[in-house]
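Working notes, beginning with the structure itself.
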Amino acid sequence: MLDTDFDADQEALRLVARDFLAATVPLGSLRGPDYPHDVQPTFASETWRAVADLGWLGLGIPVEYGGGGAGLTTLCALYGELGRALVSAPCLEVAVVAGGVIASAGTEQQKTELLPELCAGRLVVIPTLVGENGEIDVRETVTSAERTDEGWRLTGTKPLVAYAGSADLFLVPAHAGGDAAGDVSMFLVPAAAPGVVVTSLPSMSGVPLSAVELSGVTVGADAVLGMPGRGMDHLAPAMLRGKVLRCAEIAGAGERVLDITVAYAKQREQFGKPIGQYQAVQYLCTDLAMATRVTQLLARQASWILDEQAPHENRVRAALAYGSDAARQIAHCSHEVLAGLGFMVEHDLHLFTRRLKHWEMDLGDAGHHSRLLADLLGASAAS
Amino acid sequence: MLDTDFDADQEALRLVARDFLAATVPLGSLRGPDYPHDVQPTFASETWRAVADLGWLGLGIPVEYGGGGAGLTTLCALYGELGRALVSAPCLEVAVVAGGVIASAGTEQQKTELLPELCAGRLVVIPTLVGENGEIDVRETVTSAERTDEGWRLTGTKPLVAYAGSADLFLVPAHAGGDAAGDVSMFLVPAAAPGVVVTSLPSMSGVPLSAVELSGVTVGADAVLGMPGRGMDHLAPAMLRGKVLRCAEIAGAGERVLDITVAYAKQREQFGKPIGQYQAVQYLCTDLAMATRVTQLLARQASWILDEQAPHENRVRAALAYGSDAARQIAHCSHEVLAGLGFMVEHDLHLFTRRLKHWEMDLGDAGHHSRLLADLLGASAAS
Amino acid sequence: MVDLRLGYDDWRAEVRQFLADELPPGKEFYLDYDEAEHKWDFAVEFTKKVSEKGWIGLTWPRAYGGLERSVVEQYILLEEFHRAEAPLLNLIGWSLTAGMLLYGGTEEQKATMLPEIASMKTIWAEGLTEPGAGSDLAGLTTSAVPDGDDWLVTGQKTYTTFGSRSDLLLAIVRTDPSAKRRHEGLSFFGVDLRAPGVTVQPLWNIAGGRQNHIFMDQVRVPASRLIGEVNRGWEYITRSFYTSGVPFLRHSTMERKYRLLTAYCTTAKRGGRLLIDDPEVRGKLAEIDIMMEVQRVLAETGLSDTVNGRRSDATSIYQVLAKESIPRFAQLAFEIVGPLGQLSGESPYAALHGELQAWYLQAFGNHAAGTPQIKRMVLATRGLGLPK
Amino acid sequence: MVDLRLGYDDWRAEVRQFLADELPPGKEFYLDYDEAEHKWDFAVEFTKKVSEKGWIGLTWPRAYGGLERSVVEQYILLEEFHRAEAPLLNLIGWSLTAGMLLYGGTEEQKATMLPEIASMKTIWAEGLTEPGAGSDLAGLTTSAVPDGDDWLVTGQKTYTTFGSRSDLLLAIVRTDPSAKRRHEGLSFFGVDLRAPGVTVQPLWNIAGGRQNHIFMDQVRVPASRLIGEVNRGWEYITRSFYTSGVPFLRHSTMERKYRLLTAYCTTAKRGGRLLIDDPEVRGKLAEIDIMMEVQRVLAETGLSDTVNGRRSDATSIYQVLAKESIPRFAQLAFEIVGPLGQLSGESPYAALHGELQAWYLQAFGNHAAGTPQIKRMVLATRGLGLPK
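Chains as they are written, first to last, in this note's numbering: chain A, 15 to 397; chain B, 15 to 397; chain C, 99 to 486; chain D, 99 to 486.
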């Protein structure tokens, strides 16, 4: 029967997650060690272990490989809360993107060896996706893989990798010798392999970012994930699912920003009345509320479509375009309302602002998904 | 010395025009004969004669051909008032576009024969510019001109010609036999020539629009205006000047819409106070005011740049893009404030709404000029 | 469990078949803005056929002429009708009046008035707005005073769509002039628009439609036409109007327009290429698509919340976004189509059969039943709890 | 006659030459958001060089350390400085304080304080905002009571840029607690920031800059530091702040950013082509260009109105559009550049030398000196005469 809301189990998961994260991940924990001059949080290793122990890392991984076998709609419930808490750990990167690719493209052996470890939080596999100049289309990657006697030699730079410092393995898309233009092969590269250089980069993003350089890194033949040249078959769906959950995170963060913003608007007075009585402020608050709620609903719908394999690719793209832009709008509206207060590091708002900017662009920004939607619509109109 | 305002002479012209038009062109005169079912105004022939007698048609035409020899900045003062009054006559089409092309491209004989008559209002030369599917790029015209023994034979349709029913001559851009792709030749075609069919078309526009079909219309060799294939050299600048003055008209109309809107916002009460006290209404009114004032300033600046031949092509394009979009915004904001009242034919607002929509798109809409601006910026960045 | 299937596929197919049979091409289009004689006649005929199927009171109790079907089936019915832009008449009758009767009407009123609506015997017009009272009903001056068993109604209503075509006016009037608070002392009447003392004056709107001034001078209304009880008008309007269960489906009417627009883009060329091959045009289509998707998901959420018995915030968001998207849609369509969109009528030069200019002008009617600004205010104060 | 030439070409060339000589690449950038030691030192040194040219008090009377040059020359000077994003210090000194002194200062104050500003002897910080009083000064609680020839100032100011770097705080305080209307009984003092009783606490902003809380506990201020006359503070701030003649040139600071951005677009490729060859990117650049043009024409109109002795509406429009364009610009730049714009610092991976993320974060500081919403209110009520 039609129901746009979570069922009892999903709702229970959501509430457990909210309570657990509220108790264990206070916003203060996101401030860097040299606060206020360093606002870059570090990998939250304790949270990571807890999240793994609770079974959340493996939630979407098939049961036979140590996971929970849950669908995207259930993950939506969880990621909304991870977003709300601004958890500083690569749950989505590892569990959804990398885990999703391994579960989809891996050999039986790879899946059996890697996935249980990944679910347990003991194996951190970090995808390296963004290319030169911030290229989000993985097919345009300039990282190359040459055949060698024992396996492959990889060369190239991924300039923007989140949580690279915590990686055991990198998931690296590259052009292999035999690939046709635009085809991509996927490799699993040990972070400790000779020739891998990880450079931590300062940023505004609220997540640890690094450049990962591969200078002729040699890996074995078994480092290939899936058929050479067919990487996008597995990577594209995993990135799509990842961005859907990013949108769930954006909505989760948006809910908390909305609470902060509305509470302030009710309390702060200017010219003798609470600023929340001014329509200018009301418009900002309603924009924020609508962006948040719509993103949440669209993400949930996109999850259902992907779980059901329903034929609504355009609706999924619309969700991603909308949700990415919502991230921008949520931060913008809240800052306009909070003005000076929100501009100060003392206040928690900027923690959301930073992360929202990162999430807006991560796995493709609004323009990227709008263009893909536009192409879909063009193709369907022409047919 | 720096002065963004009109000088005393220009200001005097503006005030004379305002008073004259207020007295002779009441808004009621714009309502069609079968009001309220017919809202299409007809050619205001009395106004036309008066405008000619006052020397306003010839104002920008060289003195030696019966004109006033004024620059665009002076015309700005006049067209602001023509816009404010919503004068229903093709002043800009005839005097600025057609007149400008003849003055620029015509032979001495053509200029001597045509321009004094045009200035006197006795010769109505109507440009036919919009092509199939609303194409605004004249170089894409599908109207063709074949060489004959005595002159040329023209074939093609111009689907959207304003005031065609009042024309003595049509200014027709066409592809002549020898033209390279994109080149255009210009012809003067008598409206009464055999094969010319003018079909009046109903529209929302607030100006009389027609389709002009040319079915093998033959004209003499002297009907060519300027060198064959070089039409754009003369037409493009005339269209540019025409759109600058359209923007002046938009600003003029906007001033009057602003007066109407602010007066209503002060007087109409809802929930116990004037709606103008609500910030939502204040935002709409300020949007309207800003769009109007900025359009006026940009049009004046663009006029000065063209008069001075100053090297600021991007500023002229920016003015046209901004002003075209302002036309949309002026109507939108006012309707949002006036709500039900402005939705009724009884109220004068829709007279502005219609004309503003026409002016928004006439001689290129905001998108068209933005794209040209973008190309200019791209070229200048790359160089 | 999250499940976005509406279900009832057979029912949807039945509705679609009905529309395919009864709504020939060229007869769609939004009647509100053009009640020319032949259009009105077709709409009456069409609505009577809907009535014969029993679909007007689809969800009502059988005792009152209904079929007791689910709200999801009603949603599907109306979604298909909106998508087809079917000229279904008497919205005020089957939504506003019926909702109010079901909530507060006397048993006798329910038993007589509802079947009359279901069978298209009576067509109702809306009588809320007055020259001095729009969204704020505090300024209402139309009054009713008792006179024997009847009431005498005096005052003016305005912007009344179909005022000259309807049988009854659902009029809100002051019945207790001494009430202290401005929303007290109001009652609803069904005023016979042909009764002595009623004068209907046309009020033409810029989209070519007719609204009306309704002048009432001592119009005699029997007590049986007082809806429910006296002085409870404010309760009735707030409880039944906003919760009458009739879904919001403005976005579905956008779908047909969107299809016309994309069809145009696949045939019309500009600058030597098909419009659909221009990334900028496709980008504008994507913006429209997102607009429709957002509204659809909100509408379905509202429906889901109703079905599952939850309080819903989705409909108040829907109303803001739907209102604000109307002018935006019209503008985007114009930017895509260009200047030929100005033409009306059926000339071969008019893009989209002359419809686009109507969309644009109709968009200035987006204040009807509350301006976008009022909808924002409702969301901010009732939805988010910001101070009034 | 309409004439958009600013003239003074030689003067502009002189200013440009000065900047070319004194402002090496990498030393531009907006200091407000980063007063790291080496940046501050360079800025002091740079501003002293400007001071040595006599350009700080360019338009002031010679008697007070000025050069009596025209406002057009001052506009040109500042336009070039803004375009270069030159780290010119003491804005509060040479604009707000100087404007107030010239309007209402005593002859002695003009003769002593203005030359000290012109020669960079004193740096001023702004002391308007309090925790409970932003754009609305009604909530001010800082007070001064007379004590012999001196005043004792007690209270807190906040969001004070350069509070730890400045010599004097231009503080507005209550001097008549019995004043009936909320804007009466206010006075301005120049409070020595090193005086006993002053505590400066850092307040870090998200763009990496430092603002400050200034706590004042019975701080002794000599009567000579009471600006002008007692209880005339409201008059001084409204008459001199908004009309001090210092032009608005935010758009000029956008120009350098725009140049960096276009330069990036001509070298960076995405999807196999240069960004500048992507029509969507060019469209965004065009939007920025229009933004800058609109502000420039408004700024020049304001200048023209000043020069020609006319009342101007251009500056209040300018302020609305400039404030609103700041976040829009930052967003457009991010959309063009993409995710590498998040990186800060000088790493080779950071797009635009790591500046873009700073533009984005700085944009959230667009409330300073009045939120965009306040500027709208000013335009609506003072500009259009709509009711407050």
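C-beta: ideal position from N, C-alpha, C; glycine also.
Practice item. Kindly give me the distance between the Cβ atoms of V330(A) and L86(A), rounded to whole angstroms, as I take these residues to be in contact under 8 Å. Key: About 10 Å separates the two Cβ atoms, so there is no contact after all.
Exercise for review: Return the residue from the list A159(B), I319(B), G266(B) and P55(B) that minimises the CA-CA distance to G46(B).
Suggested key: Out of A159(B), I319(B), G266(B) and P55(B), P55(B) has the C-alpha closest to the C-alpha of G46(B).
Check your understanding: Name the residues in the region 273-290 of chain B whose C-beta lies less than 7 Å from a C-beta of chain D; which are they?
Key -> Taking 7 Å as the Cβ-Cβ cut-off against chain D, the residues of the region 273-290 of chain B that qualify are V276, A279, K280, P288 and G290.
Point to revise | Neighbourhood of G168(D) by C-beta, 6 Å cutoff - its chain only, sequence neighbours within 5 removed | key: First, the amino acid is wrong: residue 168(D) is Ser here, not Gly. There are no such residues.
Check your understanding: M375(B) touches chain C at which residues, Cβ-Cβ below 7 Å?
Key -> G436 and P437, listed in chain order.
Review point. Ends of the beta strand (DSSP E) at R263(D)?
Key: Counting along the chain, no beta strand (DSSP E) covers R263(D), and no H or E run does either.
Exercise for review: Would you kindly report the start and end of the unbroken beta strand (DSSP E) that includes E227(A)?
Suggested key: Counting along the chain, the beta strand (DSSP E) containing E227(A) begins and ends at L223 to G234.
Exercise for review: Would you decide whether A393(B) is buried or exposed? Buried here means 16 or more other CB atoms lie within 10 Å of its CB.
Suggested key: Looking at its Cβ environment, which holds fewer than 16 other Cβ atoms inside 10 Å, A393(B) is exposed.
Practice item. Give the residues from the region 304-324 of chain A that approach chain C closer than 9 Å (Cβ to any Cβ), ordered along the chain. Key: Within the region 304-324 of chain A, the qualifying residues are M304, R307, V308, L311, L312, R314, Q315, S317, W318, I319, D321, E322 and A324.
**Study point:** Contacting positions in the region 395-412 of chain C - beta carbon closer than 8 Å to chain E
**Key:** Of the chains in the structure shown, none is chain E; the protein chains are A, B, C and D.
Check your understanding: Is it right to say T341(D) is buried, meaning 16 or more other beta carbons lie within 10 angstroms of its own, or is it exposed?
Key -> A caution first: T341(D) carries a pLDDT of 49, below 50, which makes its placement in the model unreliable, though a value can still be read off. With fewer than 16 other CB atoms across the displayed protein chains lying within 10 angstroms of its CB, T341(D) is exposed.
**Study point:** Where the alpha helix (DSSP H) containing S414(C) begins and where it ends
**Key:** Unbroken alpha helix (DSSP H) run through S414(C): A412 to V435.
Review point. What's the C-alpha gap between A335(A) and S384(A)?
Key: Distance between the alpha carbons of A335(A) and S384(A): 5 Å.
Practice item. Kindly indicate which three-state DSSP category L250(D) falls into: helix, strand or coil? Key: In this structure, DSSP gives L250(D) an extended state, which the three-state scheme calls strand.
Practice item. Mind reading off the beta-carbon distance from L238(D) to E228(D)? Whole number of angstroms is fine, and I expect it under 8 Å. Key: Their Cβ separation, rounded to whole angstroms, is 6 Å, which keeps L238(D) and E228(D) in contact under 8 Å.
Practice item. Run through the region 84-161 of chain A for me and flag every whole beta strand (DSSP E) of 3 or more residues, listed as ranges in chain order. Key: You should have 139-141 and 158-161.
Exercise for review: At 7 Å on the CB atoms, spell out the chain C contacts of V226(B), in chain order.
Suggested key: Within chain C, no residue comes near V226(B); the closest Cβ sits about 11 Å away, beyond 7 Å.
Review point. Which of the three DSSP states, helix, strand or coil, is assigned to V211(A)?
Key: Strand, per DSSP.
Check your understanding: Should A31(A) go down as buried or exposed, given a rule of 16 or more other Cβ atoms within 10 Å for buried?
Key -> So A31(A) ends up on the buried side.
Exercise for review: Compare the C-beta of G356(A) with all C-beta atoms of chain D and state if any pair is closer than 8 Å.
Suggested key: It does; some Cβ of chain D falls within 8 Å.
Practice item. Pull up the distance between the alpha-carbon of G381(B) and that of P320(C), whole angstroms please. Key: Using only the alpha carbons, I get a separation of about 60 Å.
Exercise for review: Could you spell out the range, first to last residue, of the beta strand (DSSP E) harbouring R318(C)?
Suggested key: Run containing R318(C): R308 to P320, per the beta strand (DSSP E) assignment.
Point to revise | Nearest residue (CA-CA) to G234(B), options A353(B), T306(B), P251(B) and A207(B) | key: Here the closest residue by C-alpha is A207(B).
Exercise for review: Compare the C-beta of A294(B) with all C-beta atoms of chain A and state if any pair is closer than 8 Å.
Suggested key: So, interface residue.
Review point. Along chain B, in chain order, which residues have C-beta atoms closer than 9 Å to that of P377(D)?
Key: Going along chain B in sequence order, the residues near P377(D) (Cβ under 9 Å) are R385, A388, D389 and G392.
Exercise for review: Measure from the C-beta of T297(C) to each C-beta in chain B and report whether the shortest distance is under 8 Å.
Suggested key: Output row for T297(C): interface = no.
Review point. Which of the three DSSP states, helix, strand or coil, is assigned to A240(A)?
Key: Just to set this straight, residue 240(A) is Gly in the shown sequence, not Ala. Looking at G240(A) - three-state DSSP - the assignment turns out to be coil, as it is neither helix nor strand.
Check your understanding: If you draw a straight line from the alpha carbon of G381(D) to that of L165(D), how long is it in whole angstroms?
Key -> C-alpha separation (whole angstroms): 44 Å.
Practice item. Report the partner residues of P187(A) according to the DSSP bridge assignment. Key: Partner(s): M200(A).
Review point. Over what stretch of residues does the beta strand (DSSP E) that includes T309(A) continue unbroken?
Key: Looking at the DSSP string, T309(A) is not in any beta strand (DSSP E); the run it does join, the alpha helix (DSSP H), is Q293 to E322.
Practice item. Write down every uninterrupted run of the beta strand (DSSP E) in the region 187-253 of chain D whose length is 3 residues or greater and which is fully enclosed by it, in chain order. Key: Complete beta strand (DSSP E) runs here, min 3: 222-225 and 241-245.
Point to revise | T297(C) classed as buried or exposed, judged by whether at least 16 other C-beta atoms fall within 10 angstroms | key: By the C-beta density criterion, T297(C) is exposed, having fewer than 16 other C-beta atoms within 10 angstroms.
Check your understanding: On the three-state DSSP scale, how would you describe Q172(D)?
Key -> DSSP, read as helix, strand or coil, puts Q172(D) in helix.
Exercise for review: Give the interface partners of I415(D) over in chain B, defined as CB-CB distance under 9 Å, in chain order.
Suggested key: Residues of chain B passing the Cβ test: T300, A303, M304, R307 and V308.
Check your understanding: alpha helix (DSSP H) containing Q440(C): first to last residue?
Key -> Segment: none, Q440(C) is in no alpha helix (DSSP H) and carries neither H nor E.
Point to revise | Per-residue contacts from R342(B) into chain C (C-beta, under 7 Å) | key: Here the neighbours are Q429.
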